[in-house]
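S.K.: Each position in the sequence shown, counted from 1, maps to that position plus 12 in my numbering. Virtual Cβ for every residue (Gly too), placed ideally from N, Cα, C.
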Amino acid sequence: PPTLPWPDISGRAKWSVSSAKFGFGVECLRDGDPDTFWHSDGPQPHFITIEFPRKVLIDVVSKKLSIYLCHPQDDSYTPSTLAIRAGTGASDLQDVRIITLEKPDGWITFDVSSEPNEDGDGLKPVKAYVLQIIVMSNHQSGKDTHVRGLRVLGPMEFVSCSLCSPTSDAHVQRDRSLQEDVFLLSHQITACTRAFGDI
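Okay, structure coming up:
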């Protein structure tokens, strides 16, 4: 994947696809290998759903999407029109942008929103728990589709936010250990306070 200034928040979400051939599933979208790809295997439209957990304290703010497509290799499997939808759940998704592509080859990065911001010098970020990328049509009227990579990017001000940091087992274990230490320390302080109060 390209080196981009915006933080990658893809790892904080649950990913799913409308259909997939065996061995060409949703995992191929995020494995960082341009030689693997998600291969749909069902009726159109095909779509990718990215759902951020509701337990996150603040709304997930999505700024851009970066998608890897390769028309020279995938030909009629290459998407030509994408619809981007966003919402708080599957029941209230709304179209926020339509993207038209002409024989794409490589990573393409674009804003999720098409609505200008208040200053008029850019586009508004989209605040949502759920993003959906829908393949509306393929080149040469192809039926199934190939997508070789996909990333969800946050705005620059979220670079230092823990929400945008990749989650790993080590990070989770360290956070749990820290929480346990704080819990034990608080109990020790309470016990000491009570002991001095009894003297």
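Out of curiosity, what's the CA-to-CA distance linking VAL108 and LEU143?
M.R.: On the sequence shown, residue 108 is found 96 positions in, with the first residue counted as 1. On the sequence shown, residue 143 is found 131 positions in, with the first residue counted as 1. Cα to Cα, VAL108 sits roughly 10 angstroms from LEU143.
S.K.: Are the beta-carbon atoms of HIS58 and SER28 separated by less than 8 angstroms?
M.R.: Translated into positions along the sequence shown, residue 58 becomes position 46. Translated into positions along the sequence shown, residue 28 becomes position 16. No, they are not a contact pair.
S.K.: For TYR89, I'd like the list of residues in its chain whose CB is within less than 7 angstroms of its CB, leaving aside the five on either flank, ordered along the chain.
M.R.: Working through the sequence shown from its first residue, we reach residue 89 at position 77. Counting only Cβ-Cβ distances below 7 angstroms, and skipping sequence neighbours, we find ASN150, GLY154, ASP156, THR157, HIS158.
S.K.: Compute the beta-carbon to beta-carbon distance between ILE79 and THR93, rounded to the nearest angstrom, for a pair I have assumed lies under 8 angstroms.
M.R.: Locating residue 79 in the sequence shown gives position 67, where the first residue counts as 1. Locating residue 93 in the sequence shown gives position 81, where the first residue counts as 1. No, ILE79 and THR93 are not in contact; Cβ-Cβ is about 13 angstroms, not under 8 angstroms.
S.K.: Quick one: Cα of LEU165 to Cα of GLN152, how far?
M.R.: What you label residue 165 is simply residue 153 of the sequence shown in a count that begins at 1. What you label residue 152 is simply residue 140 of the sequence shown in a count that begins at 1. Answer to the nearest angstrom: the Cα atoms are 30 angstroms apart.
S.K.: Determine whether the beta carbon atoms of ARG163 and ASP53 lie at a separation below 8 angstroms.
M.R.: Residue numbering aside, residue 163 sits at position 151 when the sequence shown is read from its first letter. Residue numbering aside, residue 53 sits at position 41 when the sequence shown is read from its first letter. Not in contact: ARG163 and ASP53 (Cβ atoms no closer than 8 angstroms).
S.K.: Going straight from the alpha carbon of ALA25 to that of GLY132, what length do you get?
M.R.: The residue given as residue 25 occupies position 13 in the sequence shown. The residue given as residue 132 occupies position 120 in the sequence shown. If I take the Cα positions, the gap works out to 30 angstroms.
S.K.: So ASP107 is in the alpha helix (DSSP H); what residue range does that whole segment cover?
M.R.: Along the sequence shown, one-based indexing puts residue 107 at 95. Run containing ASP107: none in the alpha helix (DSSP H); it sits in the beta strand (DSSP E), 106 to 112.
S.K.: Taking 6 angstroms as the limit between beta carbons, can you name the residues of its chain near VAL138, skipping five residues before and five after?
M.R.: One-based indexing of the sequence shown puts residue 138 at position 126. Excluding sequence neighbours, VAL138 sits near SER74, ALA98, VAL108, VAL124, SER125.
S.K.: Taking all protein chains shown into account, do 16 or more other C-beta atoms lie within 10 angstroms of the C-beta of SER22, making it buried, or fewer, making it exposed?
M.R.: Here residue 22 refers to the residue found at position 10 when the sequence shown is read from its first residue. It counts as buried.
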